[in-house]
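So the structure is just underneath, and the comments pick up after that.
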Amino acid sequence: MATHVHSRGFTRGLGAVVSDETLTIQGGGEVEQITIADGVTDQEAACGIDFSQLTSLYILASVAMTLETNSSSAATNTIVLKAGIAYRWTSPGSYDTCKITADVTKIFLTNASGGSGTFEMYWGYGDVTP
Amino acid sequence: MAFPLPASPAEATIPPPEPFDFTVDSPPISKQQLAQLSAYRGRVNDRAVDLNDKEHQPRTLKFVTFAGALDLSDKLYHGVLRFKEVTADAEAVAFDFSNLLRVDALRSPPSPIPVHSEPIEE
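What follows is the structure in structure tokens.
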């Protein structure tokens, strides 16, 4: 069973650590790292997210990309990914609601960044434990 | 059991982006237009075009790519067109850059109509 670990912290000036969180989730799935060439629109990848069980989500693209779920023409959800800045969500652990709001059977990726880049995605179902 | 971490983006093997010499602002484009633009990559201008304060002779300007990102407010991609100046490329496919998204900046100015005037003899 896969174990996903979300680590995040905050350090005040002078190096004083204010928070250092580690959240662990057992179980889930992934879209392994894939390369999306520049100019590719709607590259499809298999994905199976049961939204009712979702407790953790981590998405990372090395360049700006657009992620659409379930359909390339009428997406259930659209997420605009910034280069190298991961989208992270855990429940509990996040103030905002998840950008994924329904089951996902496949995803479509568009890379208009001007360069080739990688994409990866991990999700979890189990309890989120500190 | 620790989850095997994938290679970080910095470690991943990513071909370097094609070099470019300058960019031109692009009008917002749809995803369909983005796909069309991809087909134009590597093509050169088939006629002289004024761009970037310079007149480029036929086959001396190559369209490299569009670079931008989706704006969720209007669901259009906002970005720039990247170009490279090349030595006259006889091999590349040439096309009319004015068709490239119908960008005003890419349109060659219409040729002035020659006017020959003769002094009016009275």
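Protein sequences appear in the order of chains A and B. Numbering-wise (the numbering used here), the first sequence opens with residue 358 and increments by one. Numbering-wise (the numbering used here), the second sequence opens with residue 1001 and increments by one. Each residue gets a CB set at the ideal place from its N, CA and C atoms; glycine is no exception.
Whole angstroms is fine: what's the gap from residue i's alpha carbon to residue j's?
| i | j | result |
| --- | --- | --- |
| Val-1064(B) | Ala-1048(B) | 18 Å |
| Thr-447(A) | Arg-365(A) | 12 Å |
| Ala-359(A) | Arg-369(A) | 33 Å |
| Lys-463(A) | Ala-402(A) | 6 Å |
| Asn-525(A) | Asp-1021(B) | Only positions 358 to 487 of chain A appear in the structure, and residue 525(A) is not among them; the question remains open. |
| Glu-378(A) | Val-485(A) | 12 Å |
| His-361(A) | Ala-1088(B) | 54 Å |
| Val-397(A) | Ser-1026(B) | 18 Å |
| Leu-1072(B) | Ile-436(A) | 9 Å |
| Thr-381(A) | Ser-473(A) | 31 Å |
| Glu-477(A) | Pro-449(A) | 22 Å |
| Ile-393(A) | Ala-440(A) | 13 Å |
| Tyr-1040(B) | Pro-1028(B) | 17 Å |
| Glu-1085(B) | Asp-1053(B) | 13 Å |
| Lys-1075(B) | Thr-423(A) | 11 Å |
| Gln-1057(B) | Ala-1092(B) | 14 Å |
| Ser-451(A) | Asp-1046(B) | 54 Å |
| Tyr-479(A) | Ser-1098(B) | 43 Å |
| Pro-1006(B) | Ser-376(A) | At Pro-1006(B), the pLDDT of 43 sits below 50, so the modelled position is not reliable; the number obtained from the coordinates is stated separately. In a straight line, the C-alpha of Pro-1006(B) is about 26 Å away from that of Ser-376(A). |
| Ala-421(A) | His-363(A) | 22 Å |
| Ser-1038(B) | Val-388(A) | 25 Å |
| Pro-1019(B) | Leu-1100(B) | 20 Å |
| Ala-432(A) | Gly-471(A) | 23 Å |
| Gln-1033(B) | Gln-410(A) | 37 Å |
| Lys-1031(B) | Cys-404(A) | 22 Å |
Please confirm whether residue i and residue j have their CB atoms less than 8 Å apart.
| i | j | result |
| --- | --- | --- |
| Leu-1061(B) | Val-1024(B) | no |
| Arg-1043(B) | Phe-1083(B) | no |
| Ser-429(A) | Asp-399(A) | yes |
| Ile-391(A) | Thr-467(A) | no |
| Ala-1090(B) | Arg-1059(B) | yes |
| Thr-327(A) | Gly-481(A) | With chain A covering only 358 through 487, there is no way to say anything about residue 327(A). |
| Ile-457(A) | Leu-414(A) | yes |
| Tyr-1077(B) | Ala-373(A) | no |
| Ala-1069(B) | Val-1080(B) | no |
| Asp-460(A) | Phe-408(A) | yes |
| Leu-438(A) | Ile-416(A) | yes |
| Gly-483(A) | Gly-386(A) | no |
In the DSSP output, which residue or residues are listed as bridge partners for residue i?
| i | result |
| --- | --- |
| Gly-385(A) | Gly-481(A) |
| Tyr-452(A) | According to DSSP, which records beta bridges pairwise, Tyr-452(A) is partnered with nothing at all. |
| Leu-380(A) | His-363(A) |
| Lys-1084(B) | Lys-1062(B) |
| Ala-1092(B) | Answer is none; Ala-1092(B) lacks a bridge partner. |
| Phe-465(A) | Glu-401(A), Glu-425(A) |
| Asp-1071(B) | Leu-1076(B) |
| Val-374(A) | Thr-368(A) |
| Phe-476(A) | Ile-391(A), Ala-418(A) |
| Thr-486(A) | Thr-381(A) |
Is residue i near the ligand NAP, with its Cβ less than 7 Å from a heavy atom?
| i | result |
| --- | --- |
| Ile-406(A) | The ligand NAP is absent from the structure shown, which contains no ligands of any kind. |
Residues of the stretch 457 to 470 of chain A in Cβ contact with chain B at a cutoff of 9 Å, in chain order, please. Those residues of the stretch 457 to 470 of chain A placed with their C-beta closer than 9 Å to a C-beta in chain B are Thr-467, Ala-469, Ser-470, ordered along the chain.
Where the stretch 1077 to 1091 of chain B meets chain A: residues whose CB sits under 9 Å from a CB there: Tyr-1077, Gly-1079, Val-1080, Arg-1082
Which residues of the stretch 1047 to 1061 of chain B have a Cβ closer than 9 Å to any Cβ of chain A? Give them in chain order. none
What are the residues of the stretch 374 to 389 of chain A that lie near chain B, defined by any Cβ-Cβ distance shorter than 8 Å? Glu-389
Considering only residues of the stretch 390 to 446 of chain A, which uninterrupted beta strand (DSSP E) runs meet the minimum length of 3 residues and lie entirely inside it, listed in chain order? 400 to 406, 413 to 418, 422 to 426, 435 to 438
Could you give the uninterrupted runs of the alpha helix (DSSP H) lying entirely in the stretch 1008 to 1066 of chain B, keeping only those of 4 residues or more? 1031 to 1040
Pull out every residue of the stretch 418 to 449 of chain A whose Cβ sits closer than 7 Å to any Cβ of chain B, in chain order. Within the stretch 418 to 449 of chain A, the qualifying residues are Ser-419, Ala-421, Thr-423, Thr-435, Val-437, Gly-441.
Give the residues from the stretch 390 to 409 of chain A that approach chain B closer than 9 Å (Cβ to any Cβ), ordered along the chain. Gln-390, Thr-392, Ala-394, Asp-395, Gly-396, Val-397, Thr-398, Asp-399
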